[in-house]
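**Q**
Numbering (this note's numbering), first residue to last: 571 to 826.
1. Taking one C-beta from the segment 726-737 and one from the segment 607-624 each time, how about it: are there three or more such pairs within less than 8 Å?
2. Checking the sheet assignment: what are the DSSP bridge partners for residue 762?
3. Would you mind working out which of 574, 603, 626 and 784 sits nearest residue 737, comparing C-alpha positions?
4. For residue 654 and residue 767, what's the separation of their Cα atoms in angstroms?
5. Would the beta-carbon of residue 612 fall within 8 Å of that of residue 643?
6. Would DSSP call residue 794 helix, strand or coil?
7. At what residues does the beta strand (DSSP E) containing residue 623 begin and finish?
8. Please check the pair residue 753 and residue 648, which I expect to be a contact at CB under 8 Å, by giving their CB distance rounded to whole angstroms.
9. Does the Cβ-Cβ distance between residue 704 and residue 690 come in under 8 Å?
10. Given residue 695, which residues of its chain have a CB within under 7 Å of its CB, disregarding the five upstream and five downstream residues?
11. Under three-state DSSP, which class holds residue 698?
12. If distances are taken between C-alpha atoms only, which option among 782, 599, 773 and 712 comes closest to residue 759?
13. Within a Cβ cutoff of 6 Å, which residues of the same chain sit near residue 799, ignoring the five residues on either side of it in sequence?
14. Spatial neighbours of residue 815 within its chain, please: CB distance less than 6 Å, with the 5 preceding and 5 following residues excluded, ordered by chain position.
15. Nearest to residue 590 by alpha carbon, out of 755, 769 and 641?
16. Taking the straight line between their C-alpha atoms, what separation do you get for residue 710 and residue 740?
17. Taking 8 Å as the cut-off, decide whether the C-beta atoms of residue 785 and residue 795 are in contact.
18. Mapping the DSSP letters down to three states, classify residue 732 as helix, strand or coil.
19. Could you pull the start and end residues of the beta strand (DSSP E) that residue 727 belongs to?
20. Roughly how many angstroms separate the alpha carbons of residue 747 and residue 651, rounded to a whole number?
Here's what the structure looks like:
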């Protein structure tokens, strides 16, 4: 943290979206960014080298769920774990992988065969997610899905990304760690902070440590996932704690 405070112009601040900037909700389509987050990120963007949101969501979805994010100075949104990029109002991405719609087409029959009609499927365009949060037994449904979804993913050349009451089928070849590493090199960062809440953020934590830069990892804490908190330099209390921490950074920069 000292390196970020001493040289904010060299710092890259990376953040997950769901569970970090936005509270987790039963229906992902109803997620909304913390009301104070856009303002504090905009203030942060005035001081640091770059602010990057690194999310499994499509970049456009993160922006829709985060009104005001498009006005954050220098903001980059790396969507779909880094396969997709939003910057300066434009999205760039490779063509969608054909395995995703094929796997999604098979999901209704698979879920029906497992008696899991109350789980929900989220079409993320370049990925498809199966959420169990609204099932009568969320943990049981998640356990029942792990092996069948692994087989379905393998059949269509995909990988399974586990998360908080969700299993996501997505293309291989990119994760949040790779996305963050590439971004740090691109921006010639001199220090880095990454804030996340879920298992998919572990790769970004490892990227911070592997970068060789002064860095800090922050966990947006929850009772659902403990693996991240165990590896974080700092644990805060959910999105409220994240916004409070970022606000403290902005205040500290203002005193320099």
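All C-beta atoms in this analysis are idealised placements derived from N, C-alpha and C, irrespective of residue type, glycine included.
**A** In brief:
1. No: the two stretches stay apart, fewer than three of their Cβ pairs being nearer than 8 Å.
2. For the purposes of this step, residue 762 is identified with residue 192 of the chain shown, where counting begins at 1. Residue 762 is bridged to 582 and 785.
3. Taking the first residue of the chain shown as position 1, residue 737 is located at position 167. Selection 574, 603, 626 and 784 evaluated against residue 737 yields 626 as nearest (Cα-Cα).
4. Numbered from 1 along the chain shown, position 84 holds the residue referred to as residue 654. Numbered from 1 along the chain shown, position 197 holds the residue referred to as residue 767. Those two C-alpha atoms are separated by around 21 Å.
5. As a working mapping, residue 612 is identified with position 42 in the chain shown. As a working mapping, residue 643 is identified with position 73 in the chain shown. Yes, Cβ-Cβ distance for residue 612 and residue 643 is below 8 Å.
6. Your numbering for residue 794 matches position 224 in the chain shown. If DSSP states are grouped into helix, strand and coil, residue 794 belongs with coil.
7. Sequence index remark: in the chain shown, residue 623 carries index 53 (1-based). It spans 620-624 - the beta strand (DSSP E) in which residue 623 sits, taken as one unbroken run.
8. On the chain shown, residue 753 is found 183 positions in, with the first residue counted as 1. On the chain shown, residue 648 is found 78 positions in, with the first residue counted as 1. So it is a contact: roughly 7 Å between Cβ atoms.
9. Along the chain shown, one-based indexing puts residue 704 at 134. Along the chain shown, one-based indexing puts residue 690 at 120. Note that the C-beta distance between residue 704 and residue 690 is below 8 Å.
10. Translated into positions along the chain shown, residue 695 becomes position 125. For residue 695, where only same-chain residues beyond five positions count, the Cβ hits under 7 Å are 628 and 666.
11. As a first step, residue 698 is located in the chain shown; it is residue number 128 there, counting from the start. Reduced to three states, the DSSP call for residue 698 is strand.
12. Reading the chain shown from its first residue, position 189 is the one you call residue 759. Per the C-alpha coordinates, the member of 782, 599, 773 and 712 positioned closest to residue 759 is 782.
13. As a position in the chain shown, residue 799 is number 229, starting the count at 1. 789, 791 and 805, listed in sequence order.
14. For the purposes of this step, residue 815 is identified with residue 245 of the chain shown, where counting begins at 1. If you ignore the 5 residues before and after residue 815, its C-beta comes within less than 6 Å of the C-beta of 806, all in its own chain and listed in chain order.
15. Here residue 590 refers to the residue found at position 20 when the chain shown is read from its first residue. Per the Cα distances, 769.
16. Position 140 of the chain shown, counted from the start, is the residue given in the question as residue 710. Position 170 of the chain shown, counted from the start, is the residue given in the question as residue 740. If you take the alpha carbons of residue 710 and residue 740, they lie about 22 Å apart.
17. Here the question's residue 785 lines up with position 215 in the chain shown. Here the question's residue 795 lines up with position 225 in the chain shown. In this structure, residue 795 does not lie closer than 8 Å to residue 785 by Cβ.
18. For the purposes of this step, residue 732 is identified with residue 162 of the chain shown, where counting begins at 1. Reduced to three states, the DSSP call for residue 732 is strand.
19. Here the question's residue 727 lines up with position 157 in the chain shown. Going by DSSP, residue 727 is part of no beta strand (DSSP E) at all; its letter is neither H nor E.
20. Here residue 747 refers to the residue found at position 177 of the chain shown. Here residue 651 refers to the residue found at position 81 of the chain shown. Answer to the nearest angstrom: the Cα atoms are 9 Å apart.
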